[in-house]
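Notes to accompany the following structure.
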Amino acid sequence: MRVVSEEAPDKSTSINLLERIQAAFFFKDWSIPLYARRYYFCFGGITFFLFVIQAITGAILTIYYVPSVEKAYASVYYVHHYVNYGWLIRSIHYWSANLMIIFVLLHTLRVFITGSYKKPREFNWVIGVFLFGLVFGFSVTGSFLPWDQKSFWVTTVMFSFLKKIPMIGTFFYQIMIGDDVLGQTALTRFFSFHIMILPAIIVFFLALHFYIVRKQGISRPL
Ligand code: HEM
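Per the numbering used here, residue 59 is the first one in the sequence shown, and the count goes up by one each step.
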């Protein structure tokens, strides 16, 4: 005879709720497999953590930053030297930007070495390539914003090379610089890309990246 429990299954626990949400999105198990509990499987997560820090500190910096060729440098100087803890917020933004580049490189290397780009994860690798480009886009547009000698000349030299790329070079230059020399048009556009256009695009690609990781699960090492 089959023994049926008198007790109704407890549907109120958080585990049950999680399971139901999980089932609704067709995700695999929430638990992290043993083979993925190695430090080099954390590089992607660390990159994302740094991105969140960037977003928070960047939002604070926009309270004071003025995207005008007359006032940009002075506004950055003001934040750094006169605003309470302004130097700290600016330095965290600067250092986590550098760390983000290092960790996105390490993450890409990990994915490559463990062969995680192979079927069925090719599409997520392609999304990763876009993410890679976007991270560098943040770096290029952000380093121009202080409007000091370094940012001006680094960007001038970089874009004079970019202009030489056959077919797309001049078009790209026109989109970003919009003038013969770097000036107000370029500063406005770099600012807009740095704080609005690139963040909107990267959030979309990150959501897709994470959705696919959750759906497919972490790959086994080779
Ligand atoms: C903003 C940049 C990026 C963030 C925040 C990010 C984040 C993540 C996270 C959290 C994971 C889960 C596993 C792990 O952490 O290793 C992951 C997996 C993955 N990422 Fe990224 N990623 C980024 C860029 C890239 C790039 C540049 C590539 C390659 C060109 C890439 C390709 C992949 C692939 C193929 C997986 C699946 C790996 C597996 O299943 O083992 N990602 N990513």
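The beta carbon of each residue, even a glycine, is placed where N, CA and C say it ideally should be.
Minimum C-alpha distance to residue i - residue among the options
i	options	result
GLN207	THR120, VAL169 and VAL127	VAL127
PHE262	MET234, LEU189, THR246 and ILE226	LEU189
PHE251	GLY173, SER149 and PHE194	PHE194
PHE101	LYS176, ARG78, ILE223 and ARG168	ARG168
ALA130	VAL110, LEU266, VAL184 and PHE249	PHE249
LEU163	LEU220, ILE114 and GLY191	GLY191
MET158	ASN182, ILE114, LEU108 and GLY116	LEU108
ILE150	ILE259, LEU280, PRO125 and ILE114	ILE114
LEU280	LYS176, LYS221 and ALA117	LYS176
Backbone CA spacing between residue i and residue j [nearest angstrom]
i	j	result
ARG60	GLY275	Its pLDDT being 47, under 50, ARG60 is placed unreliably by the model, and the measurement read from it follows with that caveat. Cα to Cα, ARG60 sits roughly 37 Å from GLY275.
PHE230	LEU245	15 Å
PRO178	PHE210	44 Å
LYS273	ILE233	37 Å
ILE171	GLN242	44 Å
GLU281	TYR143	The structure shown does not extend to residue 281, since the chain is modelled only from 59 through 280, so no value can be given for it.
ALA155	ILE253	14 Å
LEU75	VAL271	21 Å
MET225	ILE121	39 Å
SER174	TYR98	13 Å
LEU119	PRO257	15 Å
VAL215	TYR269	39 Å
HIS138	ILE147	9 Å
SER133	ARG96	43 Å
THR166	ASP238	37 Å
TYR136	TRP145	9 Å
TYR152	LEU264	21 Å
THR228	ILE255	21 Å
VAL184	ARG78	30 Å
ASN182	HIS267	6 Å
Unbroken alpha helix (DSSP H) run spanning residue i, endpoints
i	result
ARG247	242 to 250
PHE263	256 to 274
GLY103	101 to 119
SER133	130 to 139
Residue i CB to nearest heavy atom of the ligand MN below 7 Å
i	result
ARG96	As far as ligands go, the structure on display features the ligand HEM and does not contain the ligand MN.
Proximity of residue i and residue j at Cβ, strictly below 8 Å
i	j	result
LEU240	TYR123	no
ILE104	PHE161	yes
VAL212	SER197	no
TYR140	ARG278	no
PHE217	ILE235	yes
Chain B within 8 Å of residue i, Cβ atoms only
i	result
LEU220	In summary, chain B is missing from the structure at hand, where a single protein chain is found.
key: 4 or more residues per run - each alpha helix (DSSP H) lying fully within the segment 172 to 229   = 180 to 202 and 207 to 220
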